[in-house]
Each structure stands twice: as structure tokens, then as C-alpha cells.
Amino acid sequence: MSKGSIKVNTENLLPIIKKWLYSDKDIFLRELVSNAQDAVMKLKKLAAIGEANIADSEDFRIDVIVNKTAKTLKVCDNGIGMTADEVDKYINQVAFSGAEDFIAKYENSKDKEGEIIGHFGLGFYSAFMVSKSVEIDTLSYADGAKSVHWESDGGTEFDIEDGTKESRGTVITLHLNEDSEEFLDVVTVRKTLIKYCGFLPVNIYLINEEKEVKDGEEDKNANTPINDTHPLWLKNPSDCTEEEYKDFYRKVFMDFNEPLFHIHLNVDFPFNLKGILYFPKLNHEFQSIEGQIKLFNNQVFIADNIKEVIPEYLMLLKGVIDCPDLPLNVSRSFLQNDGYVTKVSNHITKKVADKLNSLYKTEKETYEKYWDDINPFVKYGCLRDDKFYDRVKDILLFKDIDGAYKTLKDFTDADVKEVYYVTDKDAQAQYIDLLKADGITPVLLPDMLDNHFVSYLEYKNSDIKFKRVDSFIGDNLKDNKESEESVKNKITEIFKDILDKDTKIEVSPLKSEDVSALFVLSEEERRMAEMSKMFGNMDFGVPKAGETFVVNSKNPLVLKICEIEDSDTKNLLARQVYDMARLSHKTLSGDDLTAFLKRSSDLYMKLADNK
Numbered sequence: 001m002s003k004g005s006i007k008v009n010t011e012n013l014l015p016i017i018k019k020w021l022y023s024d025k026d027i028f029l030r031e032l033v034s035n036a037q038d039a040v041m042k043l044k045k046l047a048a049i050g051e052a053n054i055a056d057s058e059d060f061r062i063d064v065i066v067n068k069t070a071k072t073l074k075v076c077d078n079g080i081g082m083t084a085d086e087v088d089k090y091i092n093q094v095a096f097s098g099a100e101d102f103i104a105k106y107e108n109s110k111d112k113e114g115e116i117i118g119h120f121g122l123g124f125y126s127a128f129m130v131s132k133s134v135e136i137d138t139l140s141y142a143d144g145a146k147s148v149h150w151e152s153d154g155g156t157e158f159d160i161e162d163g164t165k166e167s168r169g170t171v172i173t174l175h176l177n178e179d180s181e182e183f184l185d186v187v188t189v190r191k192t193l194i195k196y197c198g199f200l201p202v203n204i205y206l207i208n209e210e211k212e213v214k215d216g217e218e219d220k221n222a223n224t225p226i227n228d229t230h231p232l233w234l235k236n237p238s239d240c241t242e243e244e245y246k247d248f249y250r251k252v253f254m255d256f257n258e259p260l261f262h263i264h265l266n267v268d269f270p271f272n273l274k275g276i277l278y279f280p281k282l283n284h285e286f287q288s289i290e291g292q293i294k295l296f297n298n299q300v301f302i303a304d305n306i307k308e309v310i311p312e313y314l315m316l317l318k319g320v321i322d323c324p325d326l327p328l329n330v331s332r333s334f335l336q337n338d339g340y341v342t343k344v345s346n347h348i349t350k351k352v353a354d355k356l357n358s359l360y361k362t363e364k365e366t367y368e369k370y371w372d373d374i375n376p377f378v379k380y381g382c383l384r385d386d387k388f389y390d391r392v393k394d395i396l397l398f399k400d401i402d403g404a405y406k407t408l409k410d411f412t413d414a415d416v417k418e419v420y421y422v423t424d425k426d427a428q429a430q431y432i433d434l435l436k437a438d439g440i441t442p443v444l445l446p447d448m449l450d451n452h453f454v455s456y457l458e459y460k461n462s463d464i465k466f467k468r469v470d471s472f473i474g475d476n477l478k479d480n481k482e483s484e485e486s487v488k489n490k491i492t493e494i495f496k497d498i499l500d501k502d503t504k505i506e507v508s509p510l511k512s513e514d515v516s517a518l519f520v521l522s523e524e525e526r527r528m529a530e531m532s533k534m535f536g537n538m539d540f541g542v543p544k545a546g547e548t549f550v551v552n553s554k555n556p557l558v559l560k561i562c563e564i565e566d567s568d569t570k571n572l573l574a575r576q577v578y579d580m581a582r583l584s585h586k587t588l589s590g591d592d593l594t595a596f597l598k599r600s601s602d603l604y605m606k607l608a609d610n611k
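Numbering-wise (full-length UniProt numbering), the sequence shown opens with residue 1 and increments by one.
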């Protein structure tokens, strides 16, 4: 057996790093500004423990300077700087992280001011994604340090020599390639900086080097930072006002509709987690997909809607999450699989459920007012996560057609565990009237999601049954006094010839004489039909759903039709009763609707002639 060492060819490695390490080209600016941020934070840390002599009034800053004519983009800081040896170690050697070395050296320091961002020692090389060459000019904070100038075209060779920089810090100069000249546009650079670095704790200034400033005037951009160094999510919730929460929401999400309410996350143990989640006002259930949750790491934007941290159903919300301890991959664009991530995700879910429960218990009327907007999120969360359902099951609301709210517990505690519901108040008006006449007020479940939700609730609560109002004619809607068999047979004979082959007929005496006829489709058959339609008319091995045409044997018009001798008139009126039921059920359309309208006109003409 022989042993050896794996050889890495840097000529092949660097092109891979430049082209494939990062998912988006504009990330180079995030990486370089993050490095500048680290340089400042390192120096502030050294000053705090007495290892660097820095004036208390020191104005730490990061400048991003654009020069369209020279085709250069500079990232400048007045942080810790580098010596020639440090440039050789952290720039000339791939994957040596100055941040990691610094953290390891001072990890026992009690002072926690300024978190260090970098970890992998690769961020600097993102500069070559957009540059044909890169220069570094740096001067270390250390006494007696000499400035250093470094330059490379992105290959394996570089030039390093004494520099001319006289002030502490580092300047990275990118000579942009032709494919990246959009970053010579100040507006583009500003948008990119705000996207990734809009909340970094060191002031960032964007400067147009070619902009002329008149004598006696100041360059406002050079003196106005583009970032917010104290984002709201890092503050103590008790120190934040409602107006601040609303302003932050408008600023970050450019949504000028006020959110319903928010959750301020502020956790220090067992992990570090800060953030604010907002419940936006939704116009309908499908608008919810426009949610957006931004993930930050030490105030640096990583990505939107990372599913490992934020469960899918929470993507309906808007908000920011800042978790410095999350295990990011090398490009800092995605998470590595880790049990820690699951703990963070579970904690966020629990805090959302806790907020909803707290709102219900302390501000029930407000919670009811919000229900129309938040119920798609709550229901979807239950369908996706049993643990979430267990946490919110006692605050699930059902709004009845009169506007009153009931809870799931109201149904489970009732003697009759049948929940009658309405999906379309207009199409199901007849059925609603029949139920209300018997003292039953159905609830409203009008959304597509509700079809799945009621099935889920029945699965979780086996003693409850949800029934749409048009799915049956129960004994409570029928008259106890049965019609004579001969009358029922006669009505059946009259109507059976006008029904299609899939429609069954039932003759029953309803309590209300006003209803001539209506359609019912069993709850089970309708749900299967809807599921089949959702899955592209897939065959689930069940018979085709057939409606039942229920004729009211107590209705005066129906009884009058039975007495008519003329077969044409009898058939005309029977067809009219049938189509009126279809019209009420919203199933009359096309040629059948045209025929109904013509038949109605003929009947009116006959009525007029008789007078």
C-alpha cells in the first residue's frame, strides 16, 4: 500500500471560485463591504481591550467610490489594515480567513462589541467575478507599519510592493471588466448596497468620484450614509413604538398597506436570534404567496425565504430574521444541513403560535377582526404542520353567515357534532333559508383551501362531520307528515324524463312550501369530484358523482302541475321547475339558459293571453 497527498492546481481552482462559488454576481459587493466591516470591527475590538490606540471620537466608515470614466469601483475602510505578512497570508493563500484567526486569538475576550462576519477566507476572490484586475492598498494600525500595494489580474501570479497609502485602513480597487460595467452606475451600486448591506453597523457612504462639487458646498452623498446602523430588530421590543414598526415595514418591503400586527423575536439563549415578523393584510387567499422573509447574518443580508429556517407556510408572512449562529455554506448564500437549523425553525414556529394565542386571549375582538386576513395562513399552517395545529387548534375560528364567530371547541362540545357550512351564499341561499328556519346558522367556508381544511379537521376530530348545506336534506328539514305514495309516484313520473342519466330523483315533503325543488350532492361525492378536478380529472376508483334532484311534494306549484291534463303544458312547467332549481344552483348556462329564457317568455305570453 502506498500513501500520498492530494495536489490542488490553483490555476484550475481560481476560475472555479470566480465563476461558480457565488450564486449571483452582485454578491461581490456584499463580500468586499463585509470584509471592510470586519476590518473596522477588529480595530474597535482591539481598542476596547487596550491593544490599539484609537481616539474615542474616531469616525469609522466604509466608502464605496464609483468612477465611470476610469471604470473603477473602490471599497475603502479605515479599519485595522494589513501588513505585508498579513497580505501574504490572507490574500495570497486561498481560504485562510483573517476573521477566523482573529476570533480564535481573542475568543476569551469578555468584550463582545462588534461581531465578525467572515469565516472562510474566500470573500475577497469574489472581486474577480467582475474585474479584469484588482489592486489593494493597505496600511496596518500597528506602530511602525509600512503601507503595502498588491495587484493581480485573477491568475495565480501577483505583484506586491511597498505602497504609498498614508492613512490606516484598506482600499480595494476593482478594474471592472466589460461584462460588469453595470456596476459603474451609481444607482445600481446603491441598490446593491442597500440590498445586502443596508443594515450593517458601520456607516457606508456611496461617492461618485466624477461628480463636481461647487466651491463652498458639500457632497451630500459623502456625508449621508446609505445604511441604517441600528436596525429595529436589534432593539429591545419595549423600546420600540408602533409607528417605528410600521415605518420599518414600509421601508423594507415597500408596502404602504399597514400590516395587521407583528412579532418581535429577541432570543439570546439557547441561540442568538433577532427579528420581526409581520402579518400583512391579504385581499384573498392567493395573495399570500407574495410573502417575503429576509434572512440576515450579523446584519448582512443572505437571502429571501430560506426554507430550512422558515417553514413553507410562514413564507406567507413578511419579516426579517437575523441569526449569527446559522451554519452557512461557503458562499454564504445557503444553509448547511444542521440540527441547529431545525431548532431555530421550530422556535420561530412556536413564537408565531404563541403570538396568535396571546392575541386571542387578551384582545379577542381584535383577533376576530383580523381573522378574515390571517385565516389562510393559519389553515395552511395546520395542514402543513401537525405541531402548529396542536398549538392553535383552540383559537381556530369559524364565521357564520350572520357574522358571529365560533371556535372548534364550540363544535366538539356540542351535542350534535355536525357543522353545516356555506361556500357560496348566493348559490346556496335556498338551503341557508331552510336551515335558518329550523334554527341552524351555517358557517362560511368560501375558499379553495377550506375543502382540504375540513377534511383535515375531520381526520383530527373523528366525532365531527362537516356538511355543506346542499349536500343533504336531513330529517330536520322534512315535514313529519309524509305525502301519499300515489302523489310521490306521480311527481316522480312527471320529472324523471327531463333529468339527465346521472341525476337521481327524490320526492320529499319539505317544511317550507316555498321551495319547489333543489339539488343535493353528498358531501363525500362532492369532495371526491373536487379532488379529481384538482388533479386533472384523475380517476380515484369511485363512481362519477351524481346529484339528487329533490322535489318538494308540499309545494303548491308542484301539486298544481300534477293536476294538469295537457301533457305539453305539464312538461313545460316541469322543465321550468327543474331549470329554476339549476338557476338557483348556478349550473344553468349556455343553450340550456337560452332555452329557459325562451320558455319563460312563452309562459308569460300564455299568462297574458289568459287575461
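In this text, a Cβ means the ideal position worked out from N, Cα and C, and glycines have one as well.
What does DSSP give as the partner residues of residue i in its beta bridges?
i    : result
C76  : D63 and V171
F519 : F549
I401 : Looking at the DSSP assignment, I401 forms no beta bridge with any residue, so it has no partner.
F466 : V419
D424 : Partner(s): none; D424 has no beta bridge.
Y278 : H262 and K318
I136 : W150 and I172
S131 : L176
S508 : N552
V443 : D400 and Y421
V300 : N297
K406 : F398
L273 : V267
Hey, quick one: how far does the alpha helix (DSSP H) through residue i stretch, first residue to last?
i    : result
F377 : K364 to R384
I491 : E485 to K496
L603 : G590 to N610
D24  : Segment: none, D24 is in no alpha helix (DSSP H) and carries neither H nor E.
S57  : No alpha helix (DSSP H) holds S57; DSSP gives it neither H nor E.
K501 : From DSSP, K501 is part of no alpha helix (DSSP H); its letter is neither H nor E.
D433 : A429 to A437
Just to confirm the assignment, what range does the beta strand (DSSP E) spanning residue i have?
i    : result
K318 : K318 to D322
N266 : F261 to V267
Q292 : Q292 to N297
D88  : Run containing D88: none in the beta strand (DSSP E); it sits in the alpha helix (DSSP H), A84 to Y90.
Given this structure, state the Cα-to-Cα distance separating residue i from residue j, to the nearest angstrom.
i    : j    : result
P225 : Y205 : 5 Å
D59  : G275 : 28 Å
L397 : F411 : 11 Å
T594 : D247 : 56 Å
K74  : V33  : 10 Å
D304 : Y370 : 26 Å
G169 : D38  : 11 Å
L316 : A36  : 35 Å
M605 : L572 : 13 Å
M254 : E368 : 27 Å
K110 : H347 : Since pLDDT at K110 reaches only 47, below the 50 mark, its modelled position is unreliable, and the value read off the structure follows with that caveat. The straight-line gap from Cα to Cα measures roughly 28 Å.
A47  : I54  : 6 Å
V422 : P280 : 26 Å
V341 : T349 : 12 Å
T69  : S133 : 16 Å
L314 : N223 : 39 Å
S140 : I293 : 39 Å
Q576 : L607 : 15 Å
I62  : I401 : 60 Å
K191 : H175 : 20 Å
K42  : D143 : 16 Å
E113 : K45  : Confidence at E113 is low in this model, with a pLDDT of 41, below 50, so its placement is unreliable and no value can be given for it.
D592 : S600 : 12 Å
- Query: Does the count of Cβ pairs from the region 160-170 and the region 142-149 closer than 8 Å reach three?
  - Reply: Yes: the two stretches touch, three or more of their Cβ pairs being nearer than 8 Å.
Exercise. At 4 residues or longer, and completely inside the region 146-212: list those alpha helix (DSSP H) runs for me, N to C.
Key: Within the region 146-212, the complete alpha helix (DSSP H) segments at least 4 residues long are 186-197, listed from N- to C-terminus.
Are there three or more Cβ pairs, one per stretch, closer than 8 Å when the region 121-138 is compared with the region 28-41?
-> Because the criterion of three Cβ pairs below 8 Å is met, the region 121-138 and the region 28-41 touch.
Check your understanding: Should the region 513-531 be called in touch with the region 578-589, which here means at least 3 C-beta pairs below 8 Å?
Key -> Counting C-beta pairs closer than 8 Å gives three or more between the region 513-531 and the region 578-589, which meets the contact rule.
Report yes or no: do the region 447-462 and the region 497-514 share at least 3 C-beta pairs separated by less than 8 Å? Here the region 447-462 makes no contact with the region 497-514; the two share fewer than three CB pairs at distances below 8 Å.
**Prompt:** Does the region 490-499 come close enough to the region 562-572 that 3 or more CB-CB pairs lie under 8 Å?
**Reply:** They touch, by the three-pair rule.
Review point. Does the count of Cβ pairs from the region 417-432 and the region 371-380 closer than 8 Å reach three?
Key: Short answer: they don't touch.
*Meets three-Cβ-pair contact criterion under 8 Å: the region 309-325 and the region 232-251*: They touch, by the three-pair rule.
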